[in-house]
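The structure appears below as structure tokens.
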Amino acid sequence: MQTPEQTIRVPCDGVQDLPWCNSYTNTRPALPTDELYGPTPYDVNFCLPYDPKYLETDQVRLVPFIPRLHAQAFFQHAQSYPEDFRYMRYSPPKSLKEVLEFFELEYRRDPGKMAFVAVDKLTGAIGGIVTLADCDAVNLRAAISMGFAFRAYRGTFGAALSAALLLRYCLNLPSDPVAPGLGLRRVTWSSHTDNFKSLMLARALGFRLESERRWERTITPEKLGNDRPIRSDDGCERRGADDNVLVICFDEWEAGVKQIISGALATMRYEAKL
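Heads up: the sequence shown begins at 20 in our numbering, then just goes up one per residue.
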């Protein structure tokens, strides 16, 4: 058991006492009311360049998630369809404030993450949410992360179009004459091993299975786990879940995946229900 302050004795010519402490507490900071919606104008605080004109087709546009415009729609979806969170790391939010705190603390204040909203260009309606995470400008990598397709966006190829736009944005070179991108070298996609729809979509986009991460995360009681027992003296009573990690790297992109995605973005149509 670690006490608030310990002393390390370092053997040398004499004896030197080096006091140390660990002040970490596992608590999320409380946000003042005037910070819940982020600053005005809204600062996405993203570590990679963002050019909106290359994140759209003639039907769908990806725009930054801005809480004043989009948080209420996300909260209403979460309340109406809590089952959409069964494979997620997060539980359905219980209040709009919880949504606002989540996107402010988990996304906007983390430069390695950015949340996007898929918007129907004809109607302006919101089709869903998709995010980038683990973005690293030094190591040239990103992950297509949390995604929700609203009910009217499902079965319409809308989710595939949104993910394809992010792939092109991440893996195309900045010098690309058609759709300049970030020139990243690696994009990952992680899914619960039982989330077959997510895994099928990833494979259809060209992702290949790289690894299975057993006991990748702990889960709350209402979520699906790996059905394997934990140790009897485990200090955490939560069950565990496994994830599959799929990847597309730049060499695979240039070897043929780019052509597949470019063709899909040029020809894939969805029946607008929004």
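We treat Cβ as the ideally placed atom computed from N, Cα and C, and that holds for glycine.
(message) Does the contact criterion of 3 or more C-beta pairs under 8 Å hold for the region 118-126 versus the region 187-195?
(response) no
(request) Answer yes if the region 86-94 comes into contact with the region 129-149, meaning at least three C-beta pairs across the two stretches below 8 Å, and no otherwise. (result) yes
(request) Could you tell me the boundaries of the alpha helix (DSSP H) in which serine 217 lies? (result) 215-223
(request) Would you kindly work out how many angstroms separate the C-alpha atoms of threonine 44 and glutamate 54, rounded to a whole number? (result) 22 Å
(message) By the DSSP assignment, the beta strand (DSSP E) with proline 86 in it spans what residues?
(response) Run containing proline 86: none in the beta strand (DSSP E); it sits in the alpha helix (DSSP H), 86-99.
(request) Would you be able to state if there are at least three C-beta pairs under 8 Å between the region 241-259 and the region 98-111? (result) yes
(request) Just confirm the distance between the C-beta atoms of cysteine 268 and arginine 204, as a whole number of angstroms; I'd bet it's less than 8 Å. (result) 6 Å
(message) Per the DSSP calculation, phenylalanine 135 is bridged to which residue(s)?
(response) Pro83 and Val149
(request) On a CA-only basis, which of Glu125, Leu74 and Ala97 is nearest aspartate 139? Give me that one, please. (result) Leu74
(request) Using the Cα positions of valine 276 and serine 181, report the straight-line distance between them to the nearest angstrom. (result) 16 Å
(message) For a test of the three-state rule: what should DSSP assign to isoleucine 280, helix, strand or coil?
(response) helix
(message) Between which residues of its own chain and alanine 179 is the CB-CB distance below 8 Å, once the five residues before and five after are set aside?
(response) Leu220, Ala223, Leu224, Ala283 and Met287
(request) Using beta-carbon positions only, say whether glutamate 229 and aspartate 262 come within less than 9 Å of one another. (result) no
(request) Quick one: measure Cβ to Cβ for leucine 201 and leucine 67, integer angstroms, because I've assumed they're closer than 8 Å. (result) 6 Å
(request) Please state if the CB of threonine 207 and the CB of alanine 274 are separated by a distance shorter than 9 Å. (result) no
(request) Evaluate phenylalanine 215 with the Cβ neighbour count: other Cβ atoms within 10 Å of its Cβ, from every protein chain shown; 16 or more gives buried, anything less gives exposed. (result) exposed
(request) Count the other CB atoms, across all protein chains shown, that sit within 10 Å of the CB of glutamine 278; report buried if there are 16 or more and exposed otherwise. (result) exposed
(message) Just to check my reading of the structure: proline 112 and phenylalanine 84 have Cβ atoms closer than 8 Å, yes? What is that Cβ distance to the nearest angstrom?
(response) The Cβ separation is near 14 Å, so there is no contact.
(request) Quick one: using the 10 Å Cβ neighbour count with 16 as the cut-off for buried, is leucine 184 buried or exposed? (result) buried
(request) Report the option in Trp39, Leu159 and Met133 whose CA atom is closest to the CA atom of leucine 151. (result) Met133
(message) Tell me the DSSP secondary structure of glycine 254 in three-state form.
(response) coil
(message) Measuring alpha carbon to alpha carbon, tell me which residue in Arg247, Asp36 and Phe226 is nearest arginine 233.
(response) Arg247
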